[in-house]
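The opening position of the sequence shown corresponds to residue 58 in our numbering, with each subsequent residue numbered one higher. In this text, a Cβ means the ideal position worked out from N, Cα and C, and glycines have one as well. Just so we're clear, the structure is a prediction, and the values are computed from it rather than from any experiment. Here's the structure, in structure tokens; my notes come after.
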Amino acid sequence: MFSRVFRLDRALRPAVCLALALGVCTLAYAGHRGFRNSSVGGVSIDVEGVVGPPSDSARKMLLAALRKEIKPAPGELTAPVDMRMVSLRALEAACEDAIRNNLGQLPDEVKFLAGLQRIQYVFVYPEENDIVLAGPGEGWRIDDKANVVGVTTGRPVLLLDDLMIALRTVNEARRGGISVSIDPTEEGYRNLQKLFDAQRGRPLNPTPRFEAAVKQAFGPQIVTLAGVPDTSHFARVLVAADYRMKRLAMNLEKSPVKGMKSYVELVGKRVSKDVNPRWWMACNYNPLAASDDGLAWELRGPGVKVMTEDEFVSEEGKVEGTGRTSGAAQRWADTMTAKYEELSDADPVFGELRNLMDMCVIAALIEKEGLCDEAGCSLPMLTSKTSELTPERWNAAKKIAPEVSFLRTRNSWIVTASGGVQIESWQVASRTEVSSSVTQLREKATPASQSLWWH
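Shown next as structure tokens:
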């Protein structure tokens, strides 16, 4: 059944979590400033911007606070459905109502977009001045790592906060894409080379003392973010996903899924001191399906793939792409791509990253195809950077403490790697093909006479 009803009952009107002059902040973590940056998304980001593994104590504190604060989904939202539909027009009205009435905080069903777990469809209804996002959804719970996930699937729910960032940065995404990169510095490479030169003629054994010397010489790796505010939850997910990918690749953490060895395990003793692998996660969609009239759209494909390229490091520490990749690096990238769905189930941050990509593609689609004009739908509360609805602020990620993996080869070389995320949402939104199936889905979802902001 795909009947669509959207209503904004006064009893369900969302509330404000900051004073009116400061706007509305949208995330559940707003009241836990003392420790939320130390455990959300599987990483810690301190006030100086240093990224690292979270402390167990901070995670436990946040977990207890969230489980006390976040209530289970209302009964009608609990059951899993293949087609949860969210009206952007009514969601806009719900947020505006929150500001005008200043009732205290946004209800969970607004912050978590009614439990929507992926955006698969976009339906346009000019007769109702509305755009509807649709995909699988269910009620939510807090898992043991303090993630808000589906009650049965364990997959992360979409956040209003992230949707706003995707909508508000759509033009930045068009100009240069949205990206994050974590890279060693040229100075770090030079210092590392000096350390190795000083050890010339002696075996380079990865003892604790030598490992400490390597890390001190190498120094922190730098986080470079483009396209979104560095204090946003959106940015935090980009950094966290990239950081965790690198740790899996370099065998600093064991993979949570079977059959996914680290790059260090795959490469064995075949490693060059001058060449390092680079991996990055990118969009992985098939052409979007579109109806003849452009009123129904479907996202298709797994969403995320892992790319790789070897980088050459000169004696001066300068890094250049080689345009080539080693067999081991490519095998690792292909394995992570193939197991991405399974990995997302085991580690929600990878599911969150795919959610961000879905949102960015949808934002680009709405802008590129002029869907707001087509629907006669104005969404300033969600799309304007000057809106009173303000995203929650987080510590901005700036650097990562040096992390390296040692390989017991004849030279005992260390291995490090660069990483990143690249979201080219406009390229995805530009690839479409006509499909009658999405037209039929939209017709099944024809609105009923009553209305709710979700169904």
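Looking at the backbone, the Cα of Ala-130 and that of Met-221 are separated by about 22 Å.
Between the C-alpha atoms of Leu-224 and Ile-480 there is a straight-line separation of about 14 Å. Approximately 6 Å separates the beta-carbon atoms of Gly-99 and Ala-297; this is inside 8 Å, confirming the contact. Bounds of the beta strand (DSSP E) holding Ala-347 are 345 to 347. The count of Cβ pairs closer than 8 Å, one atom from the stretch 346 to 354 and one from the stretch 177 to 192, reaches three, so the stretches are in contact. For Phe-407, the enclosing alpha helix (DSSP H) stretches over residues 405 to 425. Within its own chain, the residues whose Cβ lies closer than 6 Å to the Cβ of Ala-191, once the five positions on either side in sequence are excluded, are Met-140, Met-142 and Tyr-178, listed in chain order. With a threshold of 16 other beta carbon atoms within 10 Å, Thr-365 meets it and is buried.
The residue from Pro-265, Ala-147 and Pro-137 with its alpha-carbon nearest to that of Val-208 is Pro-137.
The residues Ala-486, in chain order, have a CB closer than 6 Å to that of Lys-425 in the same chain once the five nearest residues on each side in sequence are set aside. Take Pro-359, set aside five residues on each side of it, and the residues of its chain with a beta-carbon closer than 6 Å to its own are Asn-341, in chain order.
Of all alpha-carbon atoms in Pro-111, Ile-279 and Ile-102, the one lying nearest the alpha-carbon of Ser-475 is that of Ile-279. For Pro-213, the beta-bridge partners assigned by DSSP are Val-206.
Inter-segment contact for the stretch 100 to 118 and the stretch 450 to 465 is present: three or more beta-carbon pairs are separated by less than 8 Å. Under the three-state reduction of DSSP, Trp-337 is assigned to strand.
In the DSSP assignment, Val-108 is bridged to Ile-102 and Ile-457. In the three-state reduction of the DSSP assignment, Leu-295 falls in the helix class, which pools H, G and I.
Out of Asn-204, Gly-172 and Asn-186, the CA that lies nearest to the CA of Pro-193 is found in Gly-172.
For the set Thr-496, Met-438 and Asp-430, the Cα lying nearest the Cα of Glu-185 is the one of Asp-430. Straight through space, the alpha carbons of Ser-462 and Glu-310 are spaced by roughly 11 Å.
Secondary structure at Leu-352: coil, using DSSP grouped into helix, strand and coil. Leu-249 and Val-271 do touch by the CB rule: their CB atoms are close to 7 Å apart, below 8 Å.
Taking 8 Å as the cut-off, the Cβ atoms of Val-472 and Ala-385 do not count as close. By the Cβ rule, the stretch 387 to 397 counts as touching the stretch 315 to 324, because three or more pairs are nearer than 8 Å. When the beta-carbon positions are compared, Pro-405 and Asn-204 come within less than 8 Å of each other.
Where Ser-482 is concerned, the enclosing alpha helix (DSSP H) starts and stops at 482 to 486. For Trp-389, the enclosing alpha helix (DSSP H) covers residues 384 to 395. Comparing C-alpha distances from Ser-435 to each of Asp-187, Phe-407, Met-317 and Asp-287 shows the shortest one belongs to Asp-187. For the alpha helix (DSSP H) assignment, the uninterrupted runs of no fewer than 4 residues enclosed by the stretch 147 to 179 are, from N- to C-terminal side, 165 to 168. Gly-211 and Gln-174 have their C-alpha atoms some 10 Å from each other.
Sequence-distant partners of Gly-233 (beyond 5 residues in either direction) whose C-beta falls short of 8 Å from its own C-beta, in its chain, are Ala-283 and Gly-284. Setting aside the 5 residues that flank it on each side, Ala-432 is surrounded in the same chain by Val-181, Tyr-182, Pro-183, Asn-186, Asp-187 and Ile-188, each with a C-beta closer than 7 Å to its C-beta; the list follows chain order. Assignment of Lys-125 by DSSP, reduced to helix, strand and coil, places it in the helix class. Ala-230 sits in a helix when the DSSP states are folded into three classes. When the beta-carbon positions are compared, Ser-348 and Thr-489 stay at least 8 Å from each other.
A direct Cα-Cα distance of roughly 38 Å separates Cys-417 from Gln-273.
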